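Engineer: Got a structure for you, questions after.
Residue numbers (the numbering used here), protein chains in the order written: chain A, 20 to 175; chain B, 20 to 175; chain C, 10 to 88; chain D, 10 to 88.
Encoded structure:
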């Protein structure tokens with residue numbers, strides 16, 4: 020997975036935080052360069068049912084709220100995009116994360132990667148979501164009928 | 020990559036051929052089960068510039084035309100979906116392939132895979148597009164300013 | 010017997026038709042059909058041709074039966 | 010000096026505020042700040058806390074300077 024940054028220089032990368040509904044088509048379309056043939060898009064969305072990893076307890080979520088340390092989150096997202104260009108032969112990357120209140124089923128995050136070869140797009144997209152979930156200063160609160168809980172991720 | 024078909028039984032799989040513009044959001048949304056958290060979507064689209072793999076010649080395409088042996092293509096797509104369920108722990112798969120005339124930049128194929136765990140969704144989506152391109156009886160014609168050419172794929 | 014063969018993409022373009030008919034004997038294999046068609050349409054002989062029987066890829070040795078749905082096409086290029 | 014610390018998510022909920030101020034000496038490290046904040050808000054002591062300095066993750070030994078932008082938050086859960 021060698022980089023070839025000279026040829027596949029980022030031209031349409033973007034990282035965004037938004038309180039508006041995310042349309043995944045429009046995210047995917049913005050990373051498309053005319054010489055590429057494929058984008059791979061990860062679409063994360065608010066689950067109705069969550070299972071506590073420690074206790075195994077299953078709860079039904081009414082809605083979610085996402086909060087970010089916004090300037091730091093955007094910087095981390097930019098760092099991830101730069102690191103993805105170093106590691107993978109990709110053309111463009113778009114990352115959009117939703118903030119605020121989300122209804123069940125609404126998209127929380129979209130990551131689209133365009134690349135001359137599919138394989139690099141898949142690998143980069145998978146790497147980016149893993150790293151974003153590990154380092155992006157963004158937090159999720161699950162709101163239930165009888166309470167709410169800020170979810171704690173894996174520590175980095 | 021063990022299967023767990025009992026739990027992740029297909030409930031919303033679909034395979035389609037269409038002459039209409041494909042909206043990738045709507046494809047991705049149709050595979051979403053409420054207990055999953057992520058879909059991975061491959062979006063293939065008509066390239067403006069193509070390079071002949073043998074001669075290295077670069078040509079500018081004006082538009083594309085896709086043709087399928089429709090009943091066989093749908094059967095092959097269904098077989099791929101079934102095989103993906105056997106190999107990967109996934110919930111739902113949607114495959115939509117466009118036919119007829121496509122303008123540059125229009126989506127030719129969308130494959131969306133929803134899974135409880137991202138990793139399986141990425142792996143299955145990558146496998147499905149590779150197999151679809153290898154076995155799906157669908158052909159692409161590139162139309163240039165000065166001619167046209169049916170593209171021959173890799174033999175299977 | 011007469012076998013009707015569906016054509017798609019490049020094979021249809023070369024034959025100038027979406028289907029052709031060829032006369033075959035009993036015990037005709039998939040490979041023999043491909044040979045006959047390539048002889049009739051020399052433009053196809055440089056292509057990597059597939060034959061499908063009843064919408065399944067043939068491997069070559071299958072014997073063609075009456076009423077089999079046959080199609081000949083090049084290596085696929087969808088996606 | 011007085012350090013202002015931004016809080017998010019669970020840490021803000023426990024403190025009941027989006028930022029707190031703590032009195033620190035010179036040569037105060039990132040780890041010492043985390044300890045002080047956990048003492049003041051016992052609800053945070055069971056959490057996996059991160060400190061960021063000027064919007065970068067601290068590793069622990071950094072010395073806090075005047076005007077550093079500090080934030081304390083739990084392991085992230087976006088995506």
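Where is the CB? At the ideal position from N, CA and C, for every residue including glycine.
Quick caveat, the model's predicted, so the values are computed rather than measured.
State the Cα-Cα distance for the pair residue 116 (chain A) and residue 153 (chain A), rounded to the nearest angstrom.
Structural biologist: Indexing the first chain from 1 puts residue 116 (chain A) at position 97. Indexing the first chain from 1 puts residue 153 (chain A) at position 134. Cα-Cα distance, rounded: 14 Å.
Engineer: Hey, would you say residue 111 (chain A) sits closer than 8 Å to residue 133 (chain A), going by beta carbons?
Structural biologist: The residue you call residue 111 (chain A) lines up with position 92 of the first chain. The residue you call residue 133 (chain A) lines up with position 114 of the first chain. For residue 111 (chain A) and residue 133 (chain A), yes; Cβs fall inside 8 Å.
Engineer: With a cut-off of 8 Å, does the C-beta of residue 46 (chain D) fall near any C-beta of chain A?
Structural biologist: What you label residue 46 (chain D) is simply residue 37 of the fourth chain in a count that begins at 1. Taking Cβ atoms only, chain A never reaches closer than 8 Å to residue 46 (chain D), which makes this a no.
Engineer: Where do the ends of the alpha helix (DSSP H) carrying residue 59 (chain D) lie?
Structural biologist: In the fourth chain, residue 59 (chain D) corresponds to position 50, counting from 1. Where residue 59 (chain D) is concerned, there is no enclosing alpha helix (DSSP H), although the beta strand (DSSP E) it sits in stretches over 58 to 62.
Engineer: Which chain B residues are close to residue 82 (chain C), counting only those with a beta carbon under 8 Å from its beta carbon?
Structural biologist: Within the third chain, residue 82 (chain C) is the residue found at index 73, counting from 1. The contacting residues are 88, 156 and 158.
Engineer: Helix or strand or just coil, what does DSSP make of residue 26 (chain B)?
Structural biologist: Taking the first residue of the second chain as position 1, residue 26 (chain B) is located at position 7. In this prediction, residue 26 (chain B) scores a pLDDT of 37, lower than 50, which makes its location untrustworthy; the coordinate-derived value is nonetheless stated afterwards. DSSP places residue 26 (chain B) outside both helix and strand once states are collapsed to three, so it counts as coil.
Engineer: Using beta-carbon positions only, say whether residue 84 (chain D) and residue 145 (chain A) come within less than 8 Å of one another.
Structural biologist: The residue labelled residue 84 (chain D) in the question sits at position 75 within the fourth chain. The residue labelled residue 145 (chain A) in the question sits at position 126 within the first chain. No; because the gap between Cβ atoms is not below 8 Å, this pair is not in contact.
Engineer: With a threshold of 8 Å between beta carbons, is residue 29 (chain A) in contact with chain D?
Structural biologist: Numbered from 1 along the first chain, position 10 holds the residue referred to as residue 29 (chain A). Bear in mind that the predicted position of residue 29 (chain A) carries a pLDDT of just 46, short of 50, making it too unreliable to give a figure here.
Engineer: Tell me the DSSP bridge mates of residue 163 (chain B)?
Structural biologist: Here residue 163 (chain B) refers to the residue found at position 144 when the second chain is read from its first residue. BP columns for residue 163 (chain B) point to B:166.
Engineer: Can you tell me which residues form a DSSP beta bridge with residue 12 (chain C)?
Structural biologist: Numbered from 1 along the third chain, position 3 holds the residue referred to as residue 12 (chain C). Residue pairing from DSSP places residue 12 (chain C) in a beta bridge opposite C:31.
Engineer: Do you know whose CA, among A:118, A:102 and A:56, lies nearest residue 85 (chain A)'s CA?
Structural biologist: Counting from 1 along the first chain, the entry for residue 85 (chain A) is found at position 66. Checking every option, the nearest Cα to that of residue 85 (chain A) belongs to A:118.
Engineer: Assuming the contact rule is C-beta atoms closer than 8 Å, residue 156 (chain B) and residue 95 (chain B) should be a hit. Round their C-beta distance to whole Å, please.
Structural biologist: Within the second chain, numbered from 1, the residue matching residue 156 (chain B) stands at position 137. Within the second chain, numbered from 1, the residue matching residue 95 (chain B) stands at position 76. Correct: roughly 7 Å between the Cβ atoms.
Engineer: What does the Cβ neighbour count give for residue 53 (chain D), buried or exposed, with the cut at 16 atoms within 10 Å?
Structural biologist: By one-based count along the fourth chain, residue 53 (chain D) stands at place 44. It is buried - the Cβ of residue 53 (chain D) has at least 16 other Cβ atoms within 10 Å.
Engineer: List the residues of chain C that residue 94 (chain B) touches, going by C-beta distances under 7 Å, in chain order.
Structural biologist: Along the second chain, read from residue 1 onward, the residue named residue 94 (chain B) stands at position 75. One finds 64 in chain C with Cβ atoms closer than 7 Å to the Cβ of residue 94 (chain B), taken in chain order.
Engineer: Does the distance from the C-beta atom of residue 67 (chain C) to that of residue 14 (chain C) stay below 8 Å?
Structural biologist: Locating residue 67 (chain C) in the third chain gives position 58, counting from the first residue. Locating residue 14 (chain C) in the third chain gives position 5, counting from the first residue. No, these two residues do not count as a Cβ contact at 8 Å.
Engineer: Can you name the start and end residues of the alpha helix (DSSP H) that residue 46 (chain B) belongs to?
Structural biologist: Indexing the second chain from 1 puts residue 46 (chain B) at position 27. Following the DSSP letters along the chain, one finds residue 46 (chain B) inside the alpha helix (DSSP H) bounded by residues 43 to 49.
Engineer: For residue 58 (chain A), return the contacting residues in chain F, with the cut-off set at a CB-CB distance below 7 Å.
Structural biologist: Reference to chain F is not applicable here, since the protein chains of this structure are A, B, C and D.
Engineer: Have a look at the DSSP bridge pairing and note the partners of residue 128 (chain B).
Structural biologist: Here residue 128 (chain B) refers to the residue found at position 109 of the second chain. In DSSP, residue 128 (chain B) forms a bridge with B:63 and B:116.
Engineer: Are any of the Cβ atoms in chain A nearer than 8 Å to that of residue 165 (chain B)?
Structural biologist: For this step, residue 165 (chain B) is matched to residue 146 along the second chain. Chain A contact via Cβ: absent.
Engineer: Can you tell me where the alpha helix (DSSP H) holding residue 100 (chain B) begins and where it ends?
Structural biologist: For this step, residue 100 (chain B) is matched to residue 81 along the second chain. Per DSSP, the continuous alpha helix (DSSP H) segment holding residue 100 (chain B) begins and ends at 89 to 106.
Engineer: What in chain B is Cβ-close to residue 44 (chain A), meaning under 7 Å?
Structural biologist: Position 25 of the first chain holds residue 44 (chain A). Correct list: 42, 43 and 44.
Engineer: Less than 8 Å between the beta carbons of residue 50 (chain B) and residue 127 (chain B), yes or no?
Structural biologist: Position 31 of the second chain, counted from the start, is the residue given in the question as residue 50 (chain B). Position 108 of the second chain, counted from the start, is the residue given in the question as residue 127 (chain B). Not in contact: residue 50 (chain B) and residue 127 (chain B) (Cβ atoms no closer than 8 Å).
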